[in-house]
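A quick write-up on the structure given underneath.
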Amino acid sequence: MHRTKSITICAIALILGAMALPAGGQYTPAKHAPQATTAAARDWWKNAVIYEIYPRSFQDSNGDGIGDLNGITQRMDYLKELGVDAIWLTPVYPSPQADFGYDISDYKNIDPQYGTLADFDRLVAEAGKRHIRIVMDMVMNHTSDQHKWFIESRSSRTNPYRDWYMWRDGKGETATSKGAPPNNWQSEFGHSAWQWDEKTRQYYYHKFYLQQADLNWNNPKVHQAFKDIIGFWLQRGVGGLRFDAITTLFEDPSDTDENVLLDKSGNPILDAFGEPTVDGLKTEFLPGVHAVMQEMRATMDTFNAASFPGTRVVIGETYVANIAALAEEYGSAQRPEFHLPMDTQLGMLDTLNVAQFRARLLDAETGLNGNTPLFVFDNHDRPRLDMRYGDGVHNSDIQRVISTVLFASRGAALFYYGDEIGMKTTPPTRKEDVKDPVGVTGWPKEKGRDGERTPMQWNASANAGFTPAGVKPWLPVPPTSATVNVQAEEADPNSLLAWYKALIHLKKTNPAFADGTDIMLDPENTKVLSWMRQRDGAPQVVVAVNFTADPQTVNLSAREAGLKAAHLKTLLKSPGGADPASTEAIELAPFGVYIGEVQ
Ligand code: GLC
Ligand code: CA
12 MHRTKSITIC AIALILGAMA LPAGGQYTPA KHAPQATTAA ARDWWKNAVI YEIYPRSFQD
72 SNGDGIGDLN GITQRMDYLK ELGVDAIWLT PVYPSPQADF GYDISDYKNI DPQYGTLADF
132 DRLVAEAGKR HIRIVMDMVM NHTSDQHKWF IESRSSRTNP YRDWYMWRDG KGETATSKGA
192 PPNNWQSEFG HSAWQWDEKT RQYYYHKFYL QQADLNWNNP KVHQAFKDII GFWLQRGVGG
252 LRFDAITTLF EDPSDTDENV LLDKSGNPIL DAFGEPTVDG LKTEFLPGVH AVMQEMRATM
312 DTFNAASFPG TRVVIGETYV ANIAALAEEY GSAQRPEFHL PMDTQLGMLD TLNVAQFRAR
372 LLDAETGLNG NTPLFVFDNH DRPRLDMRYG DGVHNSDIQR VISTVLFASR GAALFYYGDE
432 IGMKTTPPTR KEDVKDPVGV TGWPKEKGRD GERTPMQWNA SANAGFTPAG VKPWLPVPPT
492 SATVNVQAEE ADPNSLLAWY KALIHLKKTN PAFADGTDIM LDPENTKVLS WMRQRDGAPQ
552 VVVAVNFTAD PQTVNLSARE AGLKAAHLKT LLKSPGGADP ASTEAIELAP FGVYIGEVQ
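FYI, the working numbering numbers position 319 of the sequence shown as 330, with every residue one higher than the one before it.
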């Protein structure tokens, strides 16, 4: 078929691209002749299923208790069968691991804990053979304090790298006193965002951990350095980049205080770390980031044209306030920015509310200027779905509800390793077990992010097949792995895993699911969310999802939807669900889902 063929060409090119680069070598612009880009290779991301892997926790291949690249390569057939188009890897670059990889000390290599550049090339090649693209994390807001740029920068006030970071005098500083931090800006991970550095007697800014010094994006050399890094990885055959913490790239040049948020009695609202909460207006969402993303996108687009066909997708970590702000992240046709800025409006609602889900889906359909939404419900920074949406009784059914909204709506879909088997959030119970520093600083109010980063549960053995029995995994394997694991669910046709596979298969093969618009049905219903996927020349598909713990019946033949009473052919339904005779009476079990084609 047309689509398969073009992807095969692309996969071969991926392998060639990887081979063209000497191990550890410098990036040199590609010399391949420009090739025609087919529509399938160009548009692959528009209906893409993207799987986030936290490499430390996916599969350990060498028995040190830490997941690695070879482990991911070993599991490639599993990912192929799951039906994913791309894998987003959280950072695997060399790092002191203060923020488990988000503190990068070398952007052009692989951390020895995770493997080598040769392992990475093999991962790209093996993924490519299965038509799976590898998306890397690109952290541009900050580097590790162990990066050579920062080591230079902090060595003297006159070092050429001094201006690559944000250095400021303390307030009221004297020869003997460091004074106070320059202003009240707060780190995302607790306490002042300014760290005193005795050697050169100034403060540096860090939005995240103090081991993550913020780069100065007003320095053109920083721009050039990242364009070079991006070229290095594109040349190696990566299918795209996910830009981390992108909304915090710039800070207000006035360096003045942010506003402190006050409660009703006029007292400061304290955060989990006991500090006054500030409004973030001087350190987030500054407009300069748009020009940077236009520049990075142009770099990636140019690279496309010059090497092999296939869009290198530009994904953004875009926690923004509303749909209008999200729409801006796409840029314009003349100056595009992200292909897929994450839509966290829907997935991070954290409440199963039909009206709110409907409103957010409608927003994505009408408020993004026709751009493709990227829905996401779960990641390595938030408690897993069970904790945010579960009721403790119907958790698997509720995950069927969530995954249906994710995969049966128009656009690209991003999900997190372990969602497909229903892995549970398993936070540490004792402070001494906490690995994520934010949990140490914030204990007990803030327990950190370990709970959503536990090892993947492959089977019921000790350590769940993640690492050999007897090895101490870097985070404990949850006891739920005895029943919640890939092997058990592969054997059960009614498992959550079977559901995910079936849904993804539908998304990738049903013509209305490929790019049909979403039309809300039965729009006043507060218990059942229903919509139709419609595309010229393809049968319409209806989706009905029960958001309640009681059985519900819906009639989707309402006149306003333009859908006449019609027979339905079932495409997918929750285990034990009924096949309705027509669109007029669809019966749904508690948290039940029905998907059918209108005949
Ligand atoms: C993003 C990442 C998070 C990390 C932070 C700092 O929010 O998803 O894990 O700690 O950026 O890089
Ligand atoms: Ca390992």
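Note that the Cβ used here is the ideal one computed from N, Cα and C, for glycine as well.
Cβ-Cβ separation between Gly-378 and Ala-338: approximately 6 angstroms, consistent with a contact (criterion under 8 angstroms). Excluding sequence positions up to five before and after Pro-601, its CB lies within less than 8 angstroms of the CB of His-405, Asp-408, Asn-557, Thr-559, Ala-560, Asp-561 and Pro-562, all in the same chain and listed in chain order.
Taken through DSSP and simplified to helix, strand or coil, Phe-243 comes out as helix. If one requires a minimum length of 3 residues, the beta strand (DSSP E) runs lying completely within the stretch 136-215 are 144-150, 153-155 and 205-208, in chain order. The beta carbon of Asn-194 sits closer than 7 angstroms to those of Asp-266, Thr-267 and Asp-268, all from its chain and outside the five residues before and after it, given in chain order. Between the stretch 224-235 and the stretch 162-182 there are three or more inter-stretch CB-CB distances shorter than 8 angstroms, so the stretches are counted as touching.
Counted as a single uninterrupted DSSP element, the beta strand (DSSP E) harbouring Arg-544 occupies residues 539-545. DSSP places Thr-377 in no beta strand (DSSP E) but in the uninterrupted alpha helix (DSSP H) bounded by 365-377. Boundaries of the beta strand (DSSP E) harbouring Lys-584: 579-584, taken from the DSSP string. For Thr-452, there is no enclosing beta strand (DSSP E); the enclosing alpha helix (DSSP H) covers residues 448-453. In the structure shown, the three-state DSSP call for Ala-560 is coil. Rounded to the nearest angstrom, the gap between the Cα atoms of Gly-126 and Asn-81 is 7 angstroms.
Here the alpha carbons of Gly-573 and Glu-463 stand approximately 43 angstroms from one another. Taking non-hydrogen atoms of ligand 1 into account, the C-beta of Val-150 is found less than 7 angstroms away from one of them. For the 8 angstroms CB-CB criterion, Gly-112 and Val-60 do not form a contact. Taking the C-beta atoms as reference points, Leu-507 is found no nearer than 8 angstroms to Ala-555. Around Pro-484, the same chain offers Gly-76, Pro-466, Asn-474, Phe-477 and Thr-478 as residues with beta carbons nearer than 7 angstroms, after the five sequence neighbours per side are excluded.
By the C-beta density criterion, Asp-114 is buried, having at least 16 other C-beta atoms within 10 angstroms. Taking C-beta separations shorter than 8 angstroms and ignoring five residues to either side along the sequence, the partners of Gln-498 in its chain run Trp-469, Asn-470, Ala-471 and Gly-476, following chain order. Leu-567 and Val-553 do touch by the CB rule: their CB atoms are close to 6 angstroms apart, below 8 angstroms. Under a 10 Å Cβ-count criterion, Gly-403 is classified as exposed, with fewer than 16 other Cβ atoms of the shown protein chains found around its own Cβ. Contact check for Thr-329 and Ile-280: beta-carbon distance about 25 angstroms, past the 8 angstroms limit, so the pair fails to qualify. Linking Leu-583 to Gly-481 through their CA atoms gives a straight-line distance of about 42 angstroms.
Distance from the Cα of Leu-417 is smallest, within the candidate group Leu-372, Lys-446, Thr-101 and Trp-55, for Leu-372. Using a cutoff of 7 angstroms, the CB of Phe-219 counts as near ligand 1, since one of the ligand's heavy atoms is closer than that. Note: Arg-253 is bridge-paired with Asp-148 and Ile-326 in the DSSP secondary-structure output. With a 10 Å radius around the Cβ and a threshold of 16 neighbouring Cβ atoms, Leu-273 comes out exposed. Around the C-beta of Lys-293, 16 or more other C-beta atoms lie within 10 Å, and the residue is accordingly described as buried. Note: Gln-223 is bridge-paired with Ser-155 in the DSSP secondary-structure output.
When Thr-49, Arg-67, Glu-163 and Asp-444 are compared, the shortest CA-CA separation from His-391 is found for Arg-67. Only residues of its own chain outside the window of five on either side were considered, and among them Pro-66, Leu-80, Gly-112, Ile-121, Asp-122 and Tyr-125 have a CB closer than 7 angstroms to the CB of Val-103, listed in chain order. Taken through DSSP and simplified to helix, strand or coil, Leu-128 comes out as helix.
The alpha carbon of Ile-432 has as its nearest neighbour, out of Ala-52, Asp-503, Leu-260 and Gly-342, the alpha carbon of Asp-503. Approximately 16 angstroms separates the beta-carbon atoms of Val-146 and Gly-242; this is outside 8 angstroms, ruling out the contact. In this model, Thr-185 and Ala-191 are separated by some 11 angstroms (Cα to Cα).
Within a 10 Å sphere around the beta-carbon of Asn-333 sit fewer than 16 other beta-carbons, which makes this residue exposed.
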